[in-house]
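First the structure, in the form of structure tokens, and then the observations on it.
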Amino acid sequence: MKNNKKSLLVGGLVSSAGLFIAKFLSIFYTIPFDAILKSAEYKAVYGGAYGVYSYVLTIAQAGLPFAIATLVSRYMARDDYKTTLLVRKVSFYTMTAFGFICMLFLLVASGPLASQMASKPALVPLYRNSLVILSLAVFIIPILSSVRGFYQGLKEIHVYSASQIVEQIVRILFLLIVSGIAIYVLDFGRYWAVYFGVIATSVSGVVTIAYIKRNDSKTIKPVVELANQQEKEPVDAKIIFRELIILAIPFLINAAFGYCDQFLNIIDFKPGLEAFGRQSGTLINASIIDMYQDAVLYKAMKLIAIPMVLAPGFSSAIYPYITEARERNQPKVVSKYVVECVESVVYICLPICVALALFARPILYTLYGVSGEYSELYVNTLQWFTIEGISATICPIFASLVIALGRRKQIIYTTMVFGVTKFLTNRLFISMFGVPGMVLSSLLAYIIFAGLNIYIIQKECQVNWKYSFRKLIFILTGLVGMFLVSMVFNWTGLLNYSGNRVVSLLLLGFMGILTVGVYAAITLYCNIPQSIFHFDLDGIKNKFRRGK
Numbered sequence: 001m002k003n004n005k006k007s008l009l010v011g012g013l014v015s016s017a018g019l020f021i022a023k024f025l026s027i028f029y030t031i032p033f034d035a036i037l038k039s040a041e042y043k044a045v046y047g048g049a050y051g052v053y054s055y056v057l058t059i060a061q062a063g064l065p066f067a068i069a070t071l072v073s074r075y076m077a078r079d080d081y082k083t084t085l086l087v088r089k090v091s092f093y094t095m096t097a098f099g100f101i102c103m104l105f106l107l108v109a110s111g112p113l114a115s116q117m118a119s120k121p122a123l124v125p126l127y128r129n130s131l132v133i134l135s136l137a138v139f140i141i142p143i144l145s146s147v148r149g150f151y152q153g154l155k156e157i158h159v160y161s162a163s164q165i166v167e168q169i170v171r172i173l174f175l176l177i178v179s180g181i182a183i184y185v186l187d188f189g190r191y192w193a194v195y196f197g198v199i200a201t202s203v204s205g206v207v208t209i210a211y212i213k214r215n216d217s218k219t220i221k222p223v224v225e226l227a228n229q230q231e232k233e234p235v236d237a238k239i240i241f242r243e244l245i246i247l248a249i250p251f252l253i254n255a256a257f258g259y260c261d262q263f264l265n266i267i268d269f270k271p272g273l274e275a276f277g278r279q280s281g282t283l284i285n286a287s288i289i290d291m292y293q294d295a296v297l298y299k300a301m302k303l304i305a306i307p308m309v310l311a312p313g314f315s316s317a318i319y320p321y322i323t324e325a326r327e328r329n330q331p332k333v334v335s336k337y338v339v340e341c342v343e344s345v346v347y348i349c350l351p352i353c354v355a356l357a358l359f360a361r362p363i364l365y366t367l368y369g370v371s372g373e374y375s376e377l378y379v380n381t382l383q384w385f386t387i388e389g390i391s392a393t394i395c396p397i398f399a400s401l402v403i404a405l406g407r408r409k410q411i412i413y414t415t416m417v418f419g420v421t422k423f424l425t426n427r428l429f430i431s432m433f434g435v436p437g438m439v440l441s442s443l444l445a446y447i448i449f450a451g452l453n454i455y456i457i458q459k460e461c462q463v464n465w466k467y468s469f470r471k472l473i474f475i476l477t478g479l480v481g482m483f484l485v486s487m488v489f490n491w492t493g494l495l496n497y498s499g500n501r502v503v504s505l506l507l508l509g510f511m512g513i514l515t516v517g518v519y520a521a522i523t524l525y526c527n528i529p530q531s532i533f534h535f536d537l538d539g540i541k542n543k544f545r546r547g548k
């Protein structure tokens, strides 16, 4: 079929583009929403409740969207269209059941979790109610994910990408409009903005499902027609269900242990910082904890989520292509996909995270108006978390590759090592180093995790990383260029500008474009993006000249 001609790289970039745009939108909605919430404690509640929801949602999905994509791709490669459609039906009911179970869990656990997360007793009801509201989204979003997984398997990545943008736009519009009317027109208390913010997740999920279903027939019709022409009977539904579960088990363990870092950060936040205050003699009260929670959960995590979308974006594209290459017994193609995926993520991720660290102060001032007495708290927190942004973007790619290569048993052990390492060190490191301890704990866990997975990949397909290391040296040279440019801006005082925020936005844009431009120029000169993304710069120049 025509879709078989699509490349893994294009699929990964398109899928990541949708996530990137969605996350980019989520940053800019926080600017007006920040003003609506106003209080640091309300921002902490919203960020904390949403962080718990994200973790439970990951468990609810149990890796099934990727399992669905793998099965759809497998049966499409075998020209078994009846079974492909059966996968769609079975996966829908399976995801619905998983979502329902996890919804019940969050309802039951909302009280104990709220007590653990709240910086003071008065905030416990607000945390609990927010988690109860989000439990509905834990039921709805897995259904949406089952539909997306089917489209991933068909390699219709543009549908997957567009649905993410639609979901985010609907969520943002509902969140801002309804909470704005409630606070500024109806004079509700500002805590209602937290409630409307979490309700928006369920509303956007329902609207996005309707959006995909409206465009469903155009994509499904060719598959249905081919299924009607097929004489061979489909695989039994029980076998499909068993295959889904077998494929999903490593994803489920990967979700439970591999994505536990933010959940553990939320749970360990208050007791860890209180222990740090006692040991270091630093003043840590409820207000300080709220500010740190605001800095980490509402600001830093949203900003580093921009590069982090590369991991799920490329992961969602990896499985169908590597599965197909393995089905066709093409080891060289598999090895090529592995290298392309890792190099692409590294090349894009590193300059974004470095830029976030270099321009942390103007970014926080421009977006959130952070200045004054506690501005250093926010700036230092964001700079530390850019380290987590790098590790949390690059390291999971190796885990996704291990799963795509069929080494499901091994990924169970490596992911458990990650989760156990994070669990054992997180509160200890927070009590020793404060908030940076969260990052150091995650970094240690990610390094061990990535090392184990790279070892498994090498045993499976003997990837040659020699040229990748050479490219990394030139990429690091480009990052040094970014640092030197930022030092010039710091020397001129532009990094510390705290006047009109519109002017600050323009300055930030100018500095960002120039700094990233230096990175692009250095790496282009060294022929790095040309070799990673397979384009000929001279050929492009010649085309423009001929066009003129």
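Per our numbering, the sequence shown starts with residue 1, numbered consecutively.
Every residue, glycine too, gets a C-beta built ideally from N, C-alpha and C.
All values reported here derive from a predicted model rather than from experimental measurement.
Report task. Indicate whether at least one CB of chain B lies closer than 8 Å to the CB of D236. Result -> No chain B is present in this structure, which holds just one protein chain.
Query raised in the report: Contact check, L144 vs G205 under 8 Å by CB: the rounded distance?
Result: Yes, L144 and G205 are in contact; Cβ-Cβ is about 5 Å, under 8 Å.
Query - Residue nearest to F429 in terms of C-alpha spacing, selected from I513, T414, A445 and P396 - result: Nearest of I513, T414, A445 and P396 to F429, Cα basis: A445.
**Report entry** Alpha-carbon to alpha-carbon, T421 and K5
**Finding:** Here K5 scores only 40 on pLDDT, less than 50, and its place in the model should not be relied on; the value that follows carries that caveat. If I take the Cα positions, the gap works out to 42 Å.
Requested in this report: Give the C-beta separation of T393 and L356 to the nearest angstrom, bearing in mind that I take them to be a contact with Cβ-Cβ under 8 Å.
Outcome: About 12 Å separates the two Cβ atoms, so there is no contact after all.
Query raised in the report: By how many angstroms is the C-alpha of F398 removed from the C-alpha of V342?
Result: When the Cα atoms are used, V342 and F398 turn out to be separated by approximately 8 Å.
Query raised in the report: A360 by DSSP, collapsed to three states: which one?
Result: Looking at A360 - three-state DSSP - the assignment turns out to be helix.
Query raised in the report: Among V379, M95, F92 and Y127, which residue has its Cα nearest to the Cα of A109?
Result: The shortest C-alpha separation from A109 is found at Y127.
Report task. Grab me the residues of K120's own chain with a C-beta within less than 7 Å of its C-beta, minus the 5 sequence neighbours each way, in chain order. Result -> Closer than 7 Å at Cβ, skipping near neighbours: A286.
**Report entry** Segment limits, alpha helix (DSSP H) that includes P234
**Finding:** In the DSSP assignment, P234 falls outside any alpha helix (DSSP H), carrying neither H nor E.
Query raised in the report: What's the call for S115, buried or exposed, on a 16-neighbour Cβ count within 10 Å?
Result: Around the beta-carbon of S115, fewer than 16 other beta-carbon atoms lie within 10 Å, marking it exposed.
Report task. Might you give, ordered along the chain, the residues of its own chain that have their beta carbon closer than 6 Å to the beta carbon of Y298, omitting 5 neighbours on each side? Result -> So the list reads K43 and G47, once near-sequence residues are dropped.
Query raised in the report: For P362 versus L495, is the C-beta distance shorter than 8 Å?
Result: Taking C-beta atoms as the reference points, P362 and L495 count as a pair closer than 8 Å.
Query raised in the report: Does DSSP classify K120 as helix, strand or coil?
Result: In the three-state DSSP reduction, K120 falls in the coil class, being neither helix nor strand.
Query raised in the report: Can you tell which of G272, G258 and S39 has its C-alpha closest to the C-alpha of R190?
Result: Relative to the Cα of R190, the nearest Cα in the group G272, G258 and S39 belongs to S39.
Query raised in the report: Just to confirm, are V194 and L113 a CB contact at a threshold of 8 Å?
Result: Remark: C-beta atoms of V194 and L113 do not approach each other more closely than 8 Å.
Report task. Measure from the alpha carbon of M482 to the alpha carbon of each residue in L508, V503, G517 and I249, then state which is nearest. Result -> Per the Cα distances, G517.
Query - E41 (DSSP reduced to helix, strand or coil) - result: In the three-state reduction of the DSSP assignment, E41 falls in the helix class, which pools H, G and I.
Requested in this report: Grab me the residues of V147's own chain with a C-beta within less than 6 Å of its C-beta, minus the 5 sequence neighbours each way, in chain order.
Outcome: Result list for V147: I212, in chain order.
Query - For P65, the nearest candidate out of T366, L247 and L107 (CA to CA) - result: For the options T366, L247 and L107, the alpha carbon positioned closest to that of P65 is the one of L247.
**Report entry** Collapsed DSSP secondary structure at N285 in the structure displayed
**Finding:** Coil.
**Report entry** Nearest candidate by alpha-carbon position, reference I304, set R470, I267, C349 and Q293
**Finding:** For the set R470, I267, C349 and Q293, the Cα lying nearest the Cα of I304 is the one of C349.
Query raised in the report: When the Cα atoms are used, what is the spatial distance from I140 to Q61?
Result: Computed Cα separation, rounded: 11 Å.
Query raised in the report: Between the Cα of L358 and the Cα atoms of N380, P271 and K302, which residue gives the shortest distance?
Result: For the set N380, P271 and K302, the Cα lying nearest the Cα of L358 is the one of N380.
Query raised in the report: Which value, in whole angstroms, describes the spacing of the CA atoms of T366 and I31?
Result: Going from the Cα of T366 to the Cα of I31 covers about 9 Å.
Query raised in the report: Can you tell which of A162, G434 and S130 has its C-alpha closest to the C-alpha of T208?
Result: Among A162, G434 and S130, the Cα nearest to that of T208 belongs to A162.
Query raised in the report: Nearest to Y259 by alpha carbon, out of C526, Y497 and G419?
Result: The residue with the shortest Cα to Cα distance from Y259 is G419.
Report task. Would you mind reading off the limits of the alpha helix (DSSP H) that contains F418? Result -> Note, F418: alpha helix (DSSP H), R408 to F433.
Query raised in the report: What residue does the alpha helix (DSSP H) around D268 start on, and which one ends it?
Result: Residues C260 to S280.
Query raised in the report: With DSSP run on the structure shown, which of helix, strand or coil describes W491?
Result: It is helical.
Report task. Please classify E373: does DSSP put it in a helix, a strand, or coil? Result -> Assignment of E373 by DSSP, reduced to helix, strand and coil, places it in the coil class.
Query raised in the report: Is the distance from the Cβ of G272 to the Cβ of R427 below 8 Å?
Result: It is a contact, given that the beta carbons lie within the stated cut-off.
Query raised in the report: Considering only residues of the same chain and omitting the five flanking positions on each side of V124, which have a CB-CB separation below 6 Å?
Result: Closer than 6 Å at the Cβ level, and outside the excluded window around V124, lie A114, S115 and A118.
Query - Nearest-angstrom Cα separation, counted from V224 out to K232 - result: Linking K232 to V224 through their CA atoms gives a straight-line distance of about 14 Å.
Query - V435 versus Y292 - alpha carbon distance - result: V435 and Y292 have their C-alpha atoms some 8 Å from each other.
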